[in-house]
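So the protein sequences, as listed, match chains Z and L. Going by the numbering used here, the first sequence opens with residue 1, and the numbers climb by one from there. Going by the numbering used here, the second sequence opens with residue 1, and the numbers climb by one from there.
There are 2 protein chains.
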Amino acid sequence: MSRIDQVLARIDSNLDDSLNRLFDFLKIKSISADPDFQEDCEAAANWLARELTEVGIAASVRRTDGHPMVVGHRKTGKPGPHVLFYGHYDVQPVDPLELWDTDPFEPRIVTREDGSKVIVARGSADDKGQLMTFVEAARAYMEIAGDLPLDITVLFEGEEESGSPSLEPFLIENKDELSCDLALVCDTNMWDEDTPAIAVMLRGLVGEEITVKAASRDLHSGYYGSAATNPNHVIAKIIADIRDENGTITLDGFYDGVIDMPQDVTRMWDTLGMTAEKFLGEIGLAVPGGEKDRTLLEQIWTRPTAEVNGMWGGYQGAGSKTVIPAEAHAKFTFRLVGDQDPQKIQASFRDYVRSKTPQDCSVEFSSHGANPALRLDFDMPALAQGKKALQDEWGVEAALIGMGGSIPVVGDFKTMLGMDSLLIGFGLADDQIHSPNEKYNLKCFHKGIRSWARVLDELAQG
Amino acid sequence: MSRIDQVLARIDSNLDDSLNRLFDFLKIKSISADPDFQEDCEAAANWLARELTEVGIAASVRRTDGHPMVVGHRKTGKPGPHVLFYGHYDVQPVDPLELWDTDPFEPRIVTREDGSKVIVARGSADDKGQLMTFVEAARAYMEIAGDLPLDITVLFEGEEESGSPSLEPFLIENKDELSCDLALVCDTNMWDEDTPAIAVMLRGLVGEEITVKAASRDLHSGYYGSAATNPNHVIAKIIADIRDENGTITLDGFYDGVIDMPQDVTRMWDTLGMTAEKFLGEIGLAVPGGEKDRTLLEQIWTRPTAEVNGMWGGYQGAGSKTVIPAEAHAKFTFRLVGDQDPQKIQASFRDYVRSKTPQDCSVEFSSHGANPALRLDFDMPALAQGKKALQDEWGVEAALIGMGGSIPVVGDFKTMLGMDSLLIGFGLADDQIHSPNEKYNLKCFHKGIRSWARVLDELAQG
Numbered sequence: 001m002s003r004i005d006q007v008l009a010r011i012d013s014n015l016d017d018s019l020n021r022l023f024d025f026l027k028i029k030s031i032s033a034d035p036d037f038q039e040d041c042e043a044a045a046n047w048l049a050r051e052l053t054e055v056g057i058a059a060s061v062r063r064t065d066g067h068p069m070v071v072g073h074r075k076t077g078k079p080g081p082h083v084l085f086y087g088h089y090d091v092q093p094v095d096p097l098e099l100w101d102t103d104p105f106e107p108r109i110v111t112r113e114d115g116s117k118v119i120v121a122r123g124s125a126d127d128k129g130q131l132m133t134f135v136e137a138a139r140a141y142m143e144i145a146g147d148l149p150l151d152i153t154v155l156f157e158g159e160e161e162s163g164s165p166s167l168e169p170f171l172i173e174n175k176d177e178l179s180c181d182l183a184l185v186c187d188t189n190m191w192d193e194d195t196p197a198i199a200v201m202l203r204g205l206v207g208e209e210i211t212v213k214a215a216s217r218d219l220h221s222g223y224y225g226s227a228a229t230n231p232n233h234v235i236a237k238i239i240a241d242i243r244d245e246n247g248t249i250t251l252d253g254f255y256d257g258v259i260d261m262p263q264d265v266t267r268m269w270d271t272l273g274m275t276a277e278k279f280l281g282e283i284g285l286a287v288p289g290g291e292k293d294r295t296l297l298e299q300i301w302t303r304p305t306a307e308v309n310g311m312w313g314g315y316q317g318a319g320s321k322t323v324i325p326a327e328a329h330a331k332f333t334f335r336l337v338g339d340q341d342p343q344k345i346q347a348s349f350r351d352y353v354r355s356k357t358p359q360d361c362s363v364e365f366s367s368h369g370a371n372p373a374l375r376l377d378f379d380m381p382a383l384a385q386g387k388k389a390l391q392d393e394w395g396v397e398a399a400l401i402g403m404g405g406s407i408p409v410v411g412d413f414k415t416m417l418g419m420d421s422l423l424i425g426f427g428l429a430d431d432q433i434h435s436p437n438e439k440y441n442l443k444c445f446h447k448g449i450r451s452w453a454r455v456l457d458e459l460a461q462g
Numbered sequence: 001m002s003r004i005d006q007v008l009a010r011i012d013s014n015l016d017d018s019l020n021r022l023f024d025f026l027k028i029k030s031i032s033a034d035p036d037f038q039e040d041c042e043a044a045a046n047w048l049a050r051e052l053t054e055v056g057i058a059a060s061v062r063r064t065d066g067h068p069m070v071v072g073h074r075k076t077g078k079p080g081p082h083v084l085f086y087g088h089y090d091v092q093p094v095d096p097l098e099l100w101d102t103d104p105f106e107p108r109i110v111t112r113e114d115g116s117k118v119i120v121a122r123g124s125a126d127d128k129g130q131l132m133t134f135v136e137a138a139r140a141y142m143e144i145a146g147d148l149p150l151d152i153t154v155l156f157e158g159e160e161e162s163g164s165p166s167l168e169p170f171l172i173e174n175k176d177e178l179s180c181d182l183a184l185v186c187d188t189n190m191w192d193e194d195t196p197a198i199a200v201m202l203r204g205l206v207g208e209e210i211t212v213k214a215a216s217r218d219l220h221s222g223y224y225g226s227a228a229t230n231p232n233h234v235i236a237k238i239i240a241d242i243r244d245e246n247g248t249i250t251l252d253g254f255y256d257g258v259i260d261m262p263q264d265v266t267r268m269w270d271t272l273g274m275t276a277e278k279f280l281g282e283i284g285l286a287v288p289g290g291e292k293d294r295t296l297l298e299q300i301w302t303r304p305t306a307e308v309n310g311m312w313g314g315y316q317g318a319g320s321k322t323v324i325p326a327e328a329h330a331k332f333t334f335r336l337v338g339d340q341d342p343q344k345i346q347a348s349f350r351d352y353v354r355s356k357t358p359q360d361c362s363v364e365f366s367s368h369g370a371n372p373a374l375r376l377d378f379d380m381p382a383l384a385q386g387k388k389a390l391q392d393e394w395g396v397e398a399a400l401i402g403m404g405g406s407i408p409v410v411g412d413f414k415t416m417l418g419m420d421s422l423l424i425g426f427g428l429a430d431d432q433i434h435s436p437n438e439k440y441n442l443k444c445f446h447k448g449i450r451s452w453a454r455v456l457d458e459l460a461q462g
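See the structure below:
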């Protein structure tokens, strides 16, 4: 039996233990966006550092101004490329909690009607389960071969779900330690449950929160209605007018830098057989809501978006309360593509909001990030090696896909450390990440571990 | 000393005890809209029944399908008109609680910079403090005269702040018991702190809540953005388009039945010296937000309105969460005037919302009331008697005013019991009812008690 086959066999026989370790990790409530869970984020970092060190990747918890980083190293003295593996231990908030079938931090295996099994817990897919596919691959490799096939640095952050404010300063401060030949990032999806994928195109993200303030206090709408400007109406108008009736985003200069895909790429996508019925049917919808003259895959991969992730103002309780609130709020995210400039779009958005804010109101802004879109190098050797490893494991060719979501760290690796990234992940579109009842297919976890073992092996062979 | 002067002197010397009783009442958390406070509403009803009975108005707590009514009677055998006094013991919710300087249910006296004193508590002005002006007037009258000057029935309800669902059935069921010659209602404002007022025009109210549902679950806006319809955007568009750029409400047939005021009435209003600066300046605003071709007093008294009292959808926590929510919500109230038909407006609103709801969404409606506007009879003898009593107490002529708010019970009294109402209240525009730090001026409370003693005396003299 070849060494890689021995490693794969060890992964198979280790699976129950791998799952137990993942469950321990999933029980830690590492919600980065909510300050109430700061100690849980610390606990997750500590857990990972212990785990990596036990595997043989000497790791430590490193302070930042926010949640800590976990950095680990394994020097092998081998000639292959030195790779950095990236993942994040923080998870999304869990609200609305009442929509979870069970406690989001009590992981469990659910067997579905077709007999397949899924791991249900907050973070099971995003990103704890994904991150652990790599850690478990390294563990099996160490156990069989006594070492890894190439030099490895590991970087786990704890603020990915809240805009990664500490990442840039940390990369700059530790540039020499973290600069490698290639980054491996496991935070993306497969094409479908049988087809692996490598993400070669990532949209950027601009996140903006606005607060519109009107009267100096909440008002009775019977006394003040019409006369006093209602900030709910102001926010609604700002949201409503940001897209026109064709779904086109109306911000000044918004489409500057948007690049149409080459026809050979869009032709390849046509062969993927994705339809609006298929993509939207699973979530109970049917009609693509974006730009009317763009196909579904264009809308979700190559076109920029404007979405309101949250809005609120006034009374939300039971029954009626005749109030005009003193202020109202909205959280926007824009997904960017091509060469769209995040700073220009942030400025254009703020100008737009100010132009919609009546004289009697003031508006306050806060930024939740501003990152450009990314396209990876199609000719990078690691891309071919990754594809081969994935084909060996899954038996079908890996799809090279776009990504609706953004993974800002990939841009930071490129601009700050001069390092390309290989984005391989085993999530699925129905994993409900950021939603109640998040899950990660057991098959994805198991074959994900196997895939990383193969990828490391391929990369080491050059 | 005349009998009324003796009664007024007793009111003055009783004031501290009157305040203590009001404080006991204000401590009861009778929030009718929130089911968590059902027992508190019961407690408030029981407290009132005991209080009335102690005063000499034999009272009982009467069951309804919602919060109970309190009904009391004092038969005097005197020839004057039999009057019914109405008030409500329920109060508005207190959120946002963090904006209260102190506990809303721990009443206290605050001395302001100018030396005047105010009673701060939820319900101090709306309506517990106002209601107690009448009870305390009756108490002083009983103590001095051994009886009241005319037959009195008292009706206190506990659902005024949540649409009064039990009121109509209760009035119908107890029509004989509750039908009197005249209703006295104490739930309105003075013109200003020196000028008493009688409200002769009340706007109606249609309250509607909508829920727009899109995808079958919350979605990741990176994956589904643009493609999946965002219910936040749908709600925003519904809110934004309900008024045009001139502030005109766009619902089909909305202005049917709106009546322009006679010129002599609007001329009288011009003499009141109300300006946008005065009315809006106190709350930090300056520019009337309603129909551009209407004066401020028209906007708040004689024109119908459309206000969003609450809207919400998606993530409201700290930081960013890239979610497209499965549903979003809004609460609307429309103030009606003249002969506007509440049922037609409810139907027109629902048609409008449906027309704005995309194919991929569904919408659910719930009603928070539908009451027409009211104008009182200017020639009613009780109006002249009430004016005289108020002028005797305050030394200036009482203003006959419109009311932005609606008091549906007045319409119910007229249509179900054939009874006119005299609306006299001692609230002020800056009482912050429905807002944090609600207050009631101590002077309003004290002179309000004295005013009711005088009104009873005038009405008894015929």
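Where is the CB? At the ideal position from N, CA and C, for every residue including glycine. Remember, it's a predicted structure, so these values are computed and weren't measured experimentally.
Return the first residue and the last residue of the alpha helix (DSSP H) that residue i is part of.
{"i": "Z/V91", "result": "First-last for Z/V91: undefined, no H or E at that position."}
{"i": "Z/G222", "result": "S221 to Y224"}
{"i": "Z/Q346", "result": "P342 to S355"}
{"i": "L/H233", "result": "P231 to A240"}
Along the chain, where does the beta strand (DSSP E) containing residue i start, and where does it finish?
{"i": "Z/E209", "result": "G204 to K213"}
{"i": "L/D420", "result": "D420 to I424"}
{"i": "L/R516", "result": "The question about residue 516 of chain L has no answer here: the residues shown for chain L are numbered 1 through 462."}
{"i": "L/I401", "result": "A399 to M403"}
List the DSSP bridge partners of residue i.
{"i": "Z/S60", "result": "Z/V71"}
{"i": "L/V118", "result": "L/V110 and L/N441"}
{"i": "L/G448", "result": "In the DSSP output, where bridge partners are listed per residue, L/G448 has none listed."}
{"i": "L/I516", "result": "One cannot answer for residue 516 of chain L here, as it falls past the ends of chain L, which runs 1 to 462."}
{"i": "Z/V409", "result": "Partner(s): none; Z/V409 has no beta bridge."}
{"i": "Z/S362", "result": "Z/K213"}
{"i": "Z/V83", "result": "Z/I152 and Z/L182"}
On the three-state DSSP scale, how would you describe residue i?
{"i": "L/W301", "result": "helix"}
{"i": "L/D392", "result": "helix"}
{"i": "L/H368", "result": "strand"}
{"i": "L/M380", "result": "coil"}
{"i": "L/T415", "result": "helix"}
{"i": "Z/G386", "result": "helix"}
{"i": "Z/R375", "result": "strand"}
{"i": "Z/D192", "result": "strand"}
{"i": "L/L428", "result": "coil"}
{"i": "Z/D187", "result": "coil"}
{"i": "Z/G129", "result": "helix"}
- Item | Cβ contact (3+ pairs, closer than 8 Å) linking the segment 108–117 of chain L and the segment 418–425 of chain L | no
Assess contact between the segment 146–159 of chain L and the segment 389–396 of chain L, defined as three or more Cβ pairs (one per stretch) separated by less than 8 Å. Is contact present? no
Is it a yes or a no for the segment 206–219 of chain L touching the segment 174–193 of chain Z, going by three-plus beta-carbon pairs under 8 Å?
no
At 4 residues or longer, what runs of the alpha helix (DSSP H) sit wholly inside the segment 131–185 of chain L? 167–173 and 175–178
Review point. Can you find at least 3 beta carbon pairs, one from the segment 317–330 of chain L and one from the segment 245–260 of chain Z, that sit closer than 8 Å?
Key: no
- Would you mind listing the alpha helix (DSSP H) stretches within the segment 244–323 of chain Z that are 4+ residues and don't spill past its ends, in chain order? 263–270 and 276–281
**Report entry** At least 3 beta-carbon pairs within less than 8 Å: the segment 210–226 of chain Z vs the segment 432–445 of chain Z
**Finding:** no
Exercise for the section: Report the residues of the segment 227–245 of chain Z with a CB closer than 9 Å to any CB of chain A, ordered along the chain. Expected result: In summary, chain A is missing from the structure at hand, where the protein chains are Z and L.
**Item:** Runs of alpha helix (DSSP H) lying entirely within the segment 10–56 of chain L, each at least 4 residues, in chain order
**Value:** 38–55
Can you confirm whether the segment 329–339 of chain Z touches the segment 277–297 of chain Z when touching is taken to mean that 3 or more C-beta pairs between the two stretches lie within less than 8 Å?
no
**Item:** Stretch-stretch touch, CB-based, cutoff 8 Å, three pairs: the segment 49–61 of chain L with the segment 160–175 of chain L
**Value:** no
Practice problem: Determine contact between the segment 11–23 of chain L and the segment 96–103 of chain L, defined as no fewer than three beta-carbon pairs at a distance below 8 Å. | Solution: no
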